[in-house]
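> Following this message is one structure expressed as structure tokens.
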């Protein structure tokens with residue numbers, strides 16, 4: 005098996021891990037699953053030779069886990085700075101700016117947004133990754149991010165419609181914030 009097909013196999017594995025990420029309404033499960041996906045797709049990008057995308061994905065893993073414990077502004081700025089410094093240092097083509105921009109946007113979303121707004125900003129971030137992955141020739145990366153784009157878009161519409169009917173799709177999440185369990 006060639007290195008190319010090994011890389012594509014890891015991308016398909018990331019696809020299988022990430023396919024249900026945006027269905028989660030519980031922010032904790034959403035972020036944990038997103039971090040596992042990011043770690044796996046990061047390995048895929050490194051194997052494909054896409055260093056800025058790989059660094060962005062691995063930073064996404066750390067950022068997503070840390071955002072479970074803090075939403076401090078300075079932490080967000082540390083991750084945005086790391087994304088820009090590490091991503092821009094290995095930049096070889098203008099298309100490689102897309103995962104960097106997507107990572108900056110999703111970092112902002114995870115630290116500053118909640119509920120439906122998180123998913124809307126993440127949708128825009130995903131659009132950047134879809135374009136990049138298609139350009140790179142990443143089969144698994146294009147499949148998963150394309151799926152994220154569709155699934156997250158459909159869930160944004162579904163959650164918005166629920167809100168229009170007076171139903172809060174993120175009620176469980178808000179209740180956990182107000183009354184956290186003793187041991188989480």
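Numbering (our numbering), first residue to last: 5 to 188.
Just so it is clear, CB atoms sit at the ideal spot from N, CA and C, and this is done for glycine as well.
Whose CA, out of 102, 146, 101, lies closest to the CA of residue 17?
Along the chain shown, one-based indexing puts residue 17 at 13. Nearest option by C-alpha distance: 146.
> According to DSSP, is residue 170 helix, strand or coil?
As a first step, residue 170 must be located in the chain shown, where it is residue number 166. The three-state reading of DSSP puts residue 170 in coil, since its state is none of H, G, I, E or B.
> Can you give the Cα-Cα distance for residue 7 and residue 129, rounded to whole angstroms?
Locating residue 7 in the chain shown gives position 3, counting from the first residue. Locating residue 129 in the chain shown gives position 125, counting from the first residue. Near 28 Å, if we compare the C-alpha coordinates of residue 129 and residue 7.
> Return the CA-CA distance between residue 25 and residue 135, expressed in angstroms with no decimal places.
For this step, residue 25 is matched to residue 21 along the chain shown. For this step, residue 135 is matched to residue 131 along the chain shown. Rounded to whole angstroms, residue 25 to residue 135 spans 20 Å at the Cα level.
> Among 171, 83, 92, which residue has its Cα nearest to the Cα of residue 112?
Working through the chain shown from its first residue, we reach residue 112 at position 108. Minimum Cα distance to residue 112 is reached at 83.
> Check for me: the alpha helix (DSSP H) holding residue 24 runs from which residue to which?
Translated into positions along the chain shown, residue 24 becomes position 20. Counting along the chain, residue 24 falls outside any alpha helix (DSSP H), and DSSP gives it neither H nor E.
> In three-state terms, what does DSSP make of residue 35?
Locating residue 35 in the chain shown gives position 31, where the first residue counts as 1. Here residue 35 sits in helix by DSSP.
> Tell me which residues share the same chain as residue 46 and place their Cβ nearer than 6 Å to its Cβ, disregarding the 5 neighbours each side in the sequence.
Position 42 of the chain shown, counted from the first residue, corresponds to residue 46. Taken in chain order, the residues that qualify are 58, 61, 62.
> Given a threshold of 16 other Cβ atoms within 10 Å of its Cβ, counted over all protein chains shown, does residue 85 qualify as buried or as exposed?
Here residue 85 refers to the residue found at position 81 of the chain shown. Label assigned to residue 85: exposed.
> Can you tell me whether DSSP reads residue 75 as helix, strand or coil?
Here residue 75 refers to the residue found at position 71 of the chain shown. The answer is coil: DSSP assigns residue 75 none of H, G, I, E or B.
> Given this structure, state the Cα-to-Cα distance separating residue 137 from residue 143, to the nearest angstrom.
The count along the chain shown starts at 1 and reaches residue 137 at position 133. The count along the chain shown starts at 1 and reaches residue 143 at position 139. Their backbone Cα atoms lie some 8 Å apart in a straight line.
> Sort 20, 52, 68 by Cα distance to residue 36 and report the nearest one.
The count along the chain shown starts at 1 and reaches residue 36 at position 32. It is 68.
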